[in-house]
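Residues in the sequence shown are numbered consecutively from 1, following full-length UniProt numbering.
For every residue, glycine included, the Cβ atom is placed at its ideal position computed from N, Cα and C.
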Amino acid sequence: MAQAQPVQPVVDVVTNATDHGPCHVAQSKNASEEAEKLQKKYEEERNKRLRSDGLSQYLNLSSTENPKIRRYLDDPWDDGSISSIPLQDGAHTKILIVGAGFGGLMFAVELIRAGIPHGDILMVDQAAGFGGAWYWNRYAGLMCDVDSTVYMPLLEETGYRAKHKYAYGEELREHAERIATKYKLRDRAMFRSEVHSSQWDDTTKMWKLKLTQRSPNSNDISAAVSADFVIFVPGLFTRPKVPNLSGLETYSGKSFLTSRWDYEVTGGNQENPSLENLRDKRVGIIGTGATALQAVPHLAKWSKHLYVFQRTPSSVDVRRQKTITDAEWANVTKSGPGWQAVRSRNFTSFTARVEPLPEIDMISDGWTDFPSYHVLTGGGKPVTSEMVAAHIADSHRLDLPRMERIRARVDQEVKDPAVAEKLKPWYAGWCKRPGFHDDYLSTFNKPNVELIDTAGRGVDAITTTGVQANGQVYDVDVLIFSTGFESGFHLDPGSRCGIEVIGREGRRMADRWEKEGTATLHGIMSRGFPNLFFTGTPQSGVSPNYTPSLEIFSRHTAYIISEVEKKRAVLPELRVAAEPHADAEKAWVMGVLAGAYSLAPLGHCTPSYFNAESDVTKLPMEEQVKGAVTAAWPGGINDYLDILQAWREAGDLSGLSITLTSK
């Protein structure tokens, strides 16, 4: 995280204008006053939401010993019918991939393309099938908020045509299965399995991993396996969290997470979300983030009464969901082979505010019409310490028209002025994941829907009969937690997966990153942890669409592994260890830090997973500066892609230390 900077009012820039006419002076004064008033409102709303407990306000569901709470992680989709590679003690694989969602599949595909036999690849996942986030999340109304033609990977390679501008969850899960089938990866997956630890053995030049595989019909199996290379691809939103609320385990009604939707309780299924069992039920949903925007309209349609408990309102722009027609698909693919990469780069050019912008916006949606989002993604003009105040002001000025339009849309959609006021987002657009939906706001006009706004405090407690908020208990028959996921943006790669990683000389990765800060080469490797590759946002190229990042990570990793394997091809009995040189790692980190000032507008954001619930702003200044190394690549994802591609084309594996030893 960049060093926290006070948010400067736009007056810093406005009053430096060169037109000194009397009319301009009056306009500047009014604009300055309005800007200061807005910043004060943002600050007031932020302060309401600051909490001393930060991230500790949430329970770690994986580590809790309370079975009444841990059961929220149970897999409701595993009927035992999906086959899996059995876990065997002492087994060995050349490449072990942790994750079988789109990311894990993309890594496997790129490895196969690079010449690695598919039999040398093992994918491990806690789920009982492919899909990652799209395996777990099957709630009513689920769809992706990024255009399907750039989000769904390998469309050209699979020959699949997306059905809607924004793909629904069922279609996305089916696409994961489609990829697995095409590349013969179904028999290379070890499902229902969790990696607990991964320790480097410098003698054998292998990773020794401890796993547990659960069985739907018998006892769990624990065993140790080894791998030459390990790749962490956990996804961004697969570890759900719930607030650590008093009385959570005492609730006597039915309760579940949106990412473990219980259709036995609600009725219906993902293909046909007719939630008929809720017709006579009082339902409560806690949370109003991106998931709730999609689930609430469906719950409102079927529930007898719906309480929506809100701490911070989402910004809700229009989505304009539609079916893709034949003519539209022909236009999407008219550029011929490589069309998806062209569209993807066009999308990221607009979201990162790359100059000059392409002449045509191929996607043309709420993301590409969001010029201030580059505060998060990078890609804008370089910012020096002298430019910070102007950069903050410029970012807010870019952001203001959009946020004013979104707040005005609330008034247009919601009939009750008091309810509308509570649904307005008072923060800069980059502070929370923006929302897009065509029906969410108007849902609050329904007589059976009640918004319980907590003025930034969150709910107080859970009782045996319902939810306590604002000093009042709201009795509900069904309670749904839409409270998000552990982002892990500020954790080391192992911790993001829930894996203890021990590298060379017995050093824990978590300890190194905590004491020295994030240190990588290209955002995917770290010195002291040979043959280990990982994904994530720190020190890498990011975008609102994670698919391009995964494409870059997987292609780059596959190239490195294939080149390393070529070096020992003449003597296959040799053992190999590849890791970054210290100076190469340091140079990459310095490249990230050089762009730290561009993050200054994040300094006074409302608490969210972007800033670890504002925990980062509580750190001593020197720790905040050290935290800046967790930022994304400041040049943006297109620049990141170009740098890594040039590195591969050079062909010399610059910055990597490759050690070959005899067995």
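Buried/exposed call for residue i, threshold 16 Cβ in 10 Å
{"i": "H196", "result": "exposed"}
{"i": "E413", "result": "buried"}
{"i": "R282", "result": "buried"}
{"i": "residue 721", "result": "Outside the shown range of the chain, which is 1 to 663, sits residue 721, and nothing can be said about it."}
{"i": "Q88", "result": "exposed"}
{"i": "G523", "result": "buried"}
{"i": "K515", "result": "exposed"}
{"i": "D492", "result": "buried"}
{"i": "A600", "result": "buried"}
{"i": "H365", "result": "In the sequence as displayed, the identity of residue 365 is Asp instead of His. Buried, since its Cβ has 16 or more Cβ neighbours within 10 Å."}
{"i": "P530", "result": "buried"}
{"i": "V7", "result": "With a pLDDT of 31 at V7, under the threshold of 50, the modelled position of that residue is not reliable, and the figure given next carries that caveat. V7 comes out buried."}
{"i": "Q472", "result": "exposed"}
{"i": "M206", "result": "buried"}
{"i": "D477", "result": "buried"}
{"i": "P544", "result": "buried"}
{"i": "D453", "result": "buried"}
For residue j and residue i, believed in contact at Cβ under 8 Å, the rounded distance
{"i": "D78", "j": "A133", "result": "Contact flag wrong, Cβ pair sits at about 16 Å."}
{"i": "Q294", "j": "M143", "result": "6 Å"}
{"i": "E579", "j": "G528", "result": "7 Å"}
{"i": "Q57", "j": "P243", "result": "6 Å"}
{"i": "T443", "j": "G103", "result": "Not confirmed; about 33 Å, so no contact."}
{"i": "V542", "j": "I637", "result": "6 Å"}
{"i": "G380", "j": "R345", "result": "Incorrect: roughly 17 Å between the Cβ atoms, too far for contact."}
{"i": "H92", "j": "Y183", "result": "Between Y183 and H92 the Cβ distance is about 22 Å, and since that is not below 8 Å, they are no contact."}
{"i": "R46", "j": "H604", "result": "6 Å"}
{"i": "R138", "j": "Q270", "result": "4 Å"}
{"i": "L236", "j": "S32", "result": "With 8 Å as the limit, L236 and S32 do not qualify as a contact, their Cβ atoms being about 39 Å apart."}
{"i": "L105", "j": "A176", "result": "6 Å"}
{"i": "K304", "j": "R279", "result": "6 Å"}
{"i": "A140", "j": "G268", "result": "7 Å"}
Alpha carbon of residue i to alpha carbon of residue j, nearest angstrom
{"i": "G21", "j": "M403", "result": "Note that G21 has pLDDT 48, beneath the 50 cutoff, so the model's placement of it is unreliable and the number below is only indicative. Going by the C-alpha atoms only, they are around 30 Å apart."}
{"i": "F350", "j": "Y151", "result": "15 Å"}
{"i": "M1", "j": "W633", "result": "Its pLDDT being 33, under 50, M1 is placed unreliably by the model, and the measurement read from it follows with that caveat. Rounded to whole angstroms, M1 to W633 spans 12 Å at the Cα level."}
{"i": "E359", "j": "T368", "result": "13 Å"}
{"i": "D120", "j": "A108", "result": "10 Å"}
{"i": "K68", "j": "I480", "result": "15 Å"}
{"i": "R186", "j": "I231", "result": "18 Å"}
{"i": "L574", "j": "W647", "result": "26 Å"}
{"i": "E565", "j": "R113", "result": "14 Å"}
{"i": "F347", "j": "N331", "result": "16 Å"}
{"i": "D75", "j": "S526", "result": "33 Å"}
{"i": "K210", "j": "A596", "result": "38 Å"}
{"i": "Q645", "j": "Y559", "result": "10 Å"}
{"i": "Q213", "j": "S495", "result": "20 Å"}
{"i": "I448", "j": "L641", "result": "Per the sequence shown, residue 448 should be read as Asn rather than Ile. The alpha-carbon atoms of N448 and L641 are separated by roughly 49 Å."}
{"i": "G456", "j": "F191", "result": "40 Å"}
{"i": "T15", "j": "V342", "result": "Confidence is the limiting factor: at T15 the pLDDT is only 29, short of 50, which leaves the residue's position unreliable and the question unanswerable from this model."}
{"i": "V98", "j": "M123", "result": "6 Å"}
{"i": "Q27", "j": "R311", "result": "The predicted position of Q27 is uncertain, since its pLDDT is 47 and thus under 50; no value can be drawn from it."}
{"i": "L111", "j": "E34", "result": "55 Å"}
{"i": "K301", "j": "T250", "result": "28 Å"}
{"i": "D145", "j": "A628", "result": "28 Å"}
{"i": "H581", "j": "L155", "result": "37 Å"}
{"i": "residue 664", "j": "E43", "result": "This structure leaves residue 664 out entirely; the chain is present only between 1 and 663."}
{"i": "D475", "j": "C497", "result": "37 Å"}
CB of residue i within 8 Å of CB of residue j, strictly
{"i": "D399", "j": "G429", "result": "yes"}
{"i": "L482", "j": "T325", "result": "First, the amino acid is wrong: residue 482 is Ser here, not Leu. Taking 8 Å as the Cβ cut-off, S482 and T325 do not qualify as a contacting pair."}
{"i": "A489", "j": "T537", "result": "For clarity, residue 489 is Phe in the given sequence; the question names Ala instead. The answer is yes: Cβ separation under 8 Å."}
{"i": "K94", "j": "F229", "result": "yes"}
{"i": "V438", "j": "R320", "result": "In the sequence on display, residue 438 carries Asp and not Val. A contact, by the Cβ cut-off of 8 Å."}
{"i": "V576", "j": "I658", "result": "yes"}
{"i": "P153", "j": "E551", "result": "yes"}
{"i": "P273", "j": "Y440", "result": "no"}
{"i": "I392", "j": "V316", "result": "no"}
{"i": "T377", "j": "T518", "result": "no"}
{"i": "K165", "j": "S148", "result": "yes"}
{"i": "T606", "j": "R49", "result": "yes"}
{"i": "V308", "j": "T288", "result": "yes"}
Below-8 Å beta-carbon distance, residue i vs any chain B residue
{"i": "G99", "result": "Protein chains in the displayed structure number just one, and chain B is not present."}
Go through the stretch 276 to 345 residue by residue and report every complete run of the beta strand (DSSP E) that reaches 3 residues or more, in order. 282 to 286 and 305 to 310
Quick one: which unbroken alpha helix (DSSP H) runs of 4-plus residues sit fully inside the stretch 472 to 549? Chain order, please. 493 to 497 and 509 to 516
Where in the stretch 238 to 282 do unbroken runs of the beta strand (DSSP E), each at least 3 residues long, occur, reported from the N-terminal end onward? 254 to 257
Starting from the N-terminal side, write out each stretch of the alpha helix (DSSP H) that is 4 residues or longer and does not extend beyond the stretch 66 to 127. 67 to 70 and 102 to 113
Along the chain, which unbroken stretches of the alpha helix (DSSP H) at least 4 residues long are found entirely within the stretch 131 to 167? 133 to 136, 148 to 151 and 155 to 158
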